[in-house]
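**Student:** Per my numbering, residue 1 is the first one in the sequence shown, and the count goes up by one each step. No residue lacks a Cβ here, since even glycine has one placed at the ideal position from N, Cα and C.
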Amino acid sequence: MGQGVVHPGEQAVERDDGLIVRGYLYGSANQAVLRMLAEIGDKKKGPGVHKGVKARERLLMGFGHRVYKAEDPRARHMRDRARTIGEKMGQAKWYQILRRVEEVMAPYRERGIYVNVDFYAGSVYYLLGIPEDLFIPLFALGRIPGWIVQVFEQWQDNILLRPLLKYVGPMDLAYVPIGQRG
Ligand SMILES: CC(C)(COP(=O)(O)OP(=O)(O)OC[C@H]1O[C@@H](n2cnc3c(N)ncnc32)[C@H](O)[C@@H]1OP(=O)(O)O)[C@@H](O)C(=O)NCCC(=O)NCCS
Numbered sequence: 001m002g003q004g005v006v007h008p009g010e011q012a013v014e015r016d017d018g019l020i021v022r023g024y025l026y027g028s029a030n031q032a033v034l035r036m037l038a039e040i041g042d043k044k045k046g047p048g049v050h051k052g053v054k055a056r057e058r059l060l061m062g063f064g065h066r067v068y069k070a071e072d073p074r075a076r077h078m079r080d081r082a083r084t085i086g087e088k089m090g091q092a093k094w095y096q097i098l099r100r101v102e103e104v105m106a107p108y109r110e111r112g113i114y115v116n117v118d119f120y121a122g123s124v125y126y127l128l129g130i131p132e133d134l135f136i137p138l139f140a141l142g143r144i145p146g147w148i149v150q151v152f153e154q155w156q157d158n159i160l161l162r163p164l165l166k167y168v169g170p171m172d173l174a175y176v177p178i179g180q181r182g
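(1) Check the C-beta distance from R81 over to V117 and give it rounded, since I have them as a contact under 8 Å.
(2) How many Å lie between V115 and L34 at the Cα?
(3) Roughly how many angstroms separate the alpha carbons of E10 and T84, rounded to a whole number?
(4) At the level of alpha carbons, what is the spacing between V176 and F152?
(5) With hydrogens ignored, establish whether the beta-carbon of H77 is closer than 7 Å to any heavy atom of ligand 1.
(6) Should D118 be listed as close to ligand 1, given that the test is whether its C-beta is under 7 Å from any heavy atom?
(7) Let's see if you can read the secondary structure: which residues bound the alpha helix (DSSP H) around N30?
(8) For a test of the three-state rule: what should DSSP assign to K93, helix, strand or coil?
(9) Give the DSSP bridge partners of Y108, in chain order.
(10) Can you name, in chain order, every residue of its own chain whose Cβ lies under 7 Å from the Cβ of M36, other than the five neighbours on each side?
(11) What residue from G146, L138, Y95, R56 has the CA that sits closest to S28's CA?
(12) Can you give me the start and stop residues for the alpha helix (DSSP H) that D80 sits inside?
(13) Determine the extent of the alpha helix (DSSP H) in which R143 is found, giving its start and end residues.
(14) Which residue comes first and which comes last in the alpha helix (DSSP H) that contains F119?
As structure tokens, this is what we get:
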């Protein structure tokens, strides 16, 4: 059984091994970026967003990664999609704001803080009409093949998996088919 705490109103996906994917620092940073975009609303206001980052008082969502200390290679593809889809749909403004924020954050690259995949992903999902509550399931879908391979590897070689999170949410809930949910 993995570990973790899911707070009310937060999205979470639980894997078979009990690991929970949740929270703004992980899978739903893209939602936090969307909220930031809505708050900025205008590309001229972008520069103010990094307030507090220099003094290490706050984290800016969509930047930084536990592993990548250079640009997240997936971010390049999402940036490209955010631009092309935005232009095609006559909503280039979101991409322009994101670019402006990225420019403003350029000095922090020397600390290893670059855009990650979530920075542009939220706007791409939004433009594609994907509802926010499907962002985390989408994130999980892409990882399912890797998780399955891990389970196979564990069966074959009995490798030790030691999840760091513990699920403490409700247990033994009955499955209600989607059509019967309120
Ligand atoms: C993903 C994350 C948890 C990795 O954190 P980490 O492993 O501590 O990253 P690093 O060790 O490279 O951080 C180096 C420094 O940059 C800072 N930093 C990292 N990401 C930052 C961010 N998004 N905004 C501001 N500062 C950041 C760290 O606080 C650390 O500061 P320090 O030198 O004072 O200790 C972190 O970058 C983060 O919370 N990002 C925002 C959430 C996000 O976009 N998540 C999606 C990830 S795909």
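**Tutor:** So, to answer that:
(1) Contact between R81 and V117 fails: their C-beta atoms lie close to 11 Å from each other, not under 8 Å.
(2) CA-CA distance, V115 to L34, rounds to 14 Å.
(3) Low confidence applies to E10: its pLDDT is 46, below 50, so where it sits in the model is not reliable, and the reading given next is rough at best. Going from the Cα of E10 to the Cα of T84 covers about 31 Å.
(4) Annotation: V176 to F152 spans about 30 Å, alpha carbon to alpha carbon.
(5) With a cut-off of 7 Å, the C-beta of H77 is classified as distant from ligand 1, since no heavy atom of the ligand falls inside that distance.
(6) Here the distance from the Cβ of D118 to the nearest heavy atom of ligand 1 is below 7 Å.
(7) Unbroken alpha helix (DSSP H) run through N30: 29 to 40.
(8) K93 falls in the helix class under three-state DSSP.
(9) BP columns for Y108 are empty, so no partner.
(10) For M36, where only same-chain residues beyond five positions count, the Cβ hits under 7 Å are V49, M61.
(11) When only C-alpha atoms are compared, the closest one is L138.
(12) Here the alpha helix (DSSP H) through D80 covers 73 to 88.
(13) Per DSSP, the unbroken alpha helix (DSSP H) holding R143 starts and ends at 135 to 157.
(14) Its alpha helix (DSSP H) spans residues 117 to 127.
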